[in-house]
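362 is the number that the working numbering gives to position 272 of the sequence shown; each next residue is one higher, with no gaps.
In this text, a Cβ means the ideal position worked out from N, Cα and C, and glycines have one as well.
Quantities reported herein were computed from a predicted structural model and do not represent experimental measurements.
Take a look at the structure set out below.
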Amino acid sequence: MPWQPGERHPKIAGRSAIFGWRSANPAGVGRGSVARPARALPRRRAPVRPTIASMSSHEVPRGRPDGNRVGRGGPLARLWWIGLPLVPLQGYRLKRTLPRFADADGTTGRVGSGARRLSVVALGDSVTAGYALDHHRSSIAGQLALRLAERYDATVDWRACARSGATAGEALELVSREALAGADLVFVSIGVNDLKNLHSTTRYRRELEGLLDEVLAAAPRAQVCLLGIPPLQHFPAFPRPLADALGWRGRVFDAIGVRAIRARPRTFRIETDEALGPDMFAGDGFHPSPTLHAAFADAVMAIHRLPAEDSGSPGRGAD
C-alpha cells in the first residue's frame, strides 16, 4: 500500500514486533502481543508518522501484509523483473548522484537527572550512526535516552557505536565489551549494506546470528532491539525497477532477522509495513529523518520494559 502525495499516513502505535504494532507487552520482553494503532494524532493534511510495529522474541508474524507483493502496486508491478537488465545501470548512476552527508556529532551524551542510571547503546550502520543528522540528540540513540529518562526518572547515557556502510560482520568491531557490559538497551540496525553489497543469505544469516549472540553475551542485562529491513521499494531515492529488486531482496533478508529474533531471549524487533512519506527521509531520499528516528524510538518504547526498579548494580546509583 504505497504512499501517494496528498494522502495522510497512519499514526504510530506500539506493538510487539518491528516497525508498528498492537498492545505492548506489559511484562517486558518475552511473550508479547502485537499491538494496533491506538492514540489518534491531531488531524492535519501533511503526512504524519507511519505505523511502526514492535515484536518480542516469541511474537513473530509469519510475514508482512504485503509479503507477496513486489513493487508499488498494480498488475504491472508483478512484471518488474522484465527491467532487471537496467538494475546495475541504475545502481551505478544512483551511487554517483546520491547526495552525500556526514554521520552525526555527539556519539556519546547524557540526559536526565534522576538517581537511577541507565545506558543505551546504538550499534550498526548509517541509521545508528545518525547519517544526515546534525547531532545524535535527534538520532535513535538520543531519542531512546530521552524517553528512558522521562519514563524512569533516570539519568541515561547514550553511546552510538556505528559507521555508515557497516555490515553484520563488521558491526561488532565498532563497540567495546565495556560499553555493552553496562548497557540496559541495545538498538541494532544492520542488513541493508549486506543486501546492497550482494552478500549471500547464508553469509548474512551467519553474521547476523553471530552478532546477536555476541551482543547478548556481552550485555547480560540488556534487552536487544533489531531494526527490520525497511520497505526499500518505497524509498524516494530508488527508481524502478531497482526499487522493486531491492524491495524483494529486502524481504528475504528481513525474514532472516525475524527467525534470528524468534530464537533468542531478551530480543525484539521493530518494523514498518507502510510506505513512508517524504518527511520520513533525509535529503537523499534514503536515510531516515529526525521524524523517523523519533518514530523508531516510540516503537521501541511501546514494548520495552525494564525490570522492576531496585537500587541497581554497583555504579548504578547516584554519582
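Between Glu260 and Gly318 the beta-carbon gap is near 19 Å, outside 8 Å, which marks them as no contact. Residue pairing by DSSP places Gln313 opposite Leu275 in a beta bridge. Ala250 is a Cβ neighbour of Ala212, given a cutoff of 8 Å. Straight across, the Cα-Cα distance linking Arg241 with Gly347 is about 28 Å. In this structure, the beta-carbon distance from Ala333 to Leu322 falls below 8 Å. In the structure shown, the three-state DSSP call for Ala252 is strand. For the pair Ala222 and Ser379, the Cα-to-Cα distance works out to about 8 Å.
Boundaries for Gly318: no alpha helix (DSSP H) harbours it, and the DSSP string shows neither H nor E there. Contact holds between the region 344-359 and the region 302-314, because three or more Cβ pairs, one in each stretch, are under 8 Å apart. In terms of Cβ geometry, Val278 and Leu236 do not form a close pair [threshold 8 Å]. Per the coordinates, the alpha-carbon of Arg253 lies some 31 Å from the alpha-carbon of Gly204. Residue pairing for Gly204: DSSP places it in no beta bridge. The alpha-carbon of Trp338 is positioned some 21 Å away from that of Asp215. In the DSSP assignment, Gly340 falls within the alpha helix (DSSP H) that extends over 332-352.
Put simply, the backbone Cα of Ser229 is about 9 Å away from that of Ala387. Arg190 and Leu264 have their C-alpha atoms some 22 Å from each other. Distances from the alpha-carbon of Phe358 to those of Glu268, His289, Arg395 put Arg395 closest. In the three-state DSSP reduction, Ala212 falls in the strand class (E or B).
Under the three-state reduction of DSSP, Ala192 is assigned to coil, being neither helix nor strand.
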